Amino acid sequence: MNDTTMTPAEEAAASAEAVAGKPTLLERLEKWRPMVAYQGLSLGLICAVVALLLLIGNAMTQGTIADQQMADRLATLREVLPQSLYDNNPLADGFKVQDAELGEVEVFPARLQGKLTAVVFQGSNIGYGGPISQMMAVDAQGKILGVRVLAHKETPGLADKIEASRSDWIKVFDGLSLDNTALDKWKVKKDGGQFDQFAGATITPRAVVKTVLQGLQFQTRHAGQLKAE
1 MNDTTMTPAE EAAASAEAVA GKPTLLERLE KWRPMVAYQG LSLGLICAVV
51 ALLLLIGNAM TQGTIADQQM ADRLATLREV LPQSLYDNNP LADGFKVQDA
101 ELGEVEVFPA RLQGKLTAVV FQGSNIGYGG PISQMMAVDA QGKILGVRVL
151 AHKETPGLAD KIEASRSDWI KVFDGLSLDN TALDKWKVKK DGGQFDQFAG
201 ATITPRAVVK TVLQGLQFQT RHAGQLKAE
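Written out as structure tokens, the structure is:
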């Protein structure tokens with residue numbers, strides 16, 4: 001009987017012959033390395049391009065939003081401020097006033113031939129759905145020229161009557177002042193005041209009335225400073 005057992009030397013030789021002509025793992029890794037580096041570089045370049053495009057898109061979007069906000073503000077200003085009262089650019093001439101109760105308030109002065117005829121400013125209070133931002137114009141005698149809502153999140157079809165496009169409710173403030181309307185009347189009727197509330201929505205008009213009153217009181221407190229600016 002023939003003995004087929006291989007010696008260690010023979011096994012090593014056979015193993016070497018079996019792999020002869022085939023690349024080793026290290027050789028294969030060396031071959032793949034340039035490909036991996038190229039793919040990594042390509043992926044990095046793609047990520048950089050995508051990031052750059054996102055930055056450009058974000059910058060363009062922010063510019064568009066800012067332009068739209070400025071256009072909306074200008075349109076609202078024209079609704080509350082009669083054009084016959086100014087020959088300047090109120091938005092461009094705006095300045096900030098520090099108030100003990102309201103904090104920093106941005107004021108847009110209306111001037112005609114250099115004389116202050118009215119001031120426009122914004123204010124807000126919390127309604128049912130969140131802050132209700134408003135713009136109002138007050139003439140040099142402290143009388144309201146107009147009030148408009150800039151932004152809100154109140155219930156559509158119920159509390160959105162504060163918008164001039166929805167109802168004339170917001171126009172009820174036109175011509176009012178602290179001189180012709182008693183302080184205790186600056187409330188909705190449910191609270192003993194003179195302003196109508198909406199059916200099922202009292203919080204919203206209450207917040208608007210409060211902001212209008214605060215605006216008149218602000219104008220009174222800073223009347224001298226506003227004329228001097």
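Just so we're aligned, residue 1 is where the sequence shown starts under this note's numbering, counting upward by one.
Glycine included, each C-beta is placed from N, C-alpha and C at the ideal position.
Since the model is a prediction, treat every value here as computed from it, not as a measurement.
- Judged by DSSP in its simplified three-state form, residue 79 adopts helix.
- In the three-state DSSP reduction, residue 93 falls in the coil class, being neither helix nor strand.
- Under the DSSP definition of a beta bridge, residue 109 partners with 119.
- In this structure residue 135 is not in contact with residue 212, their Cβ atoms being roughly 11 Å apart against a cut-off of 8 Å.
- Straight-line measurement puts the Cα of residue 176 at about 10 Å from the Cα of residue 182.
- Residue 99 is bridged by DSSP to 103.
- Here residue 131 carries a strand assignment [DSSP, helix/strand/coil].
- Minimum Cα-Cα distance from residue 153 among the listed residues 185, 189, 127 corresponds to 127.
- For the pair residue 214 and residue 102, the CB atoms are nearer than the 8 Å cut-off.
- In the three-state scheme derived from DSSP, where H, G and I count as helix and E and B as strand, residue 51 is classed as helix.
- By the CB criterion at 8 Å, residue 50 and residue 80 fall outside the cutoff.
- Around the beta carbon of residue 207, 16 or more other beta carbons sit within 10 angstroms, so the residue counts as buried.
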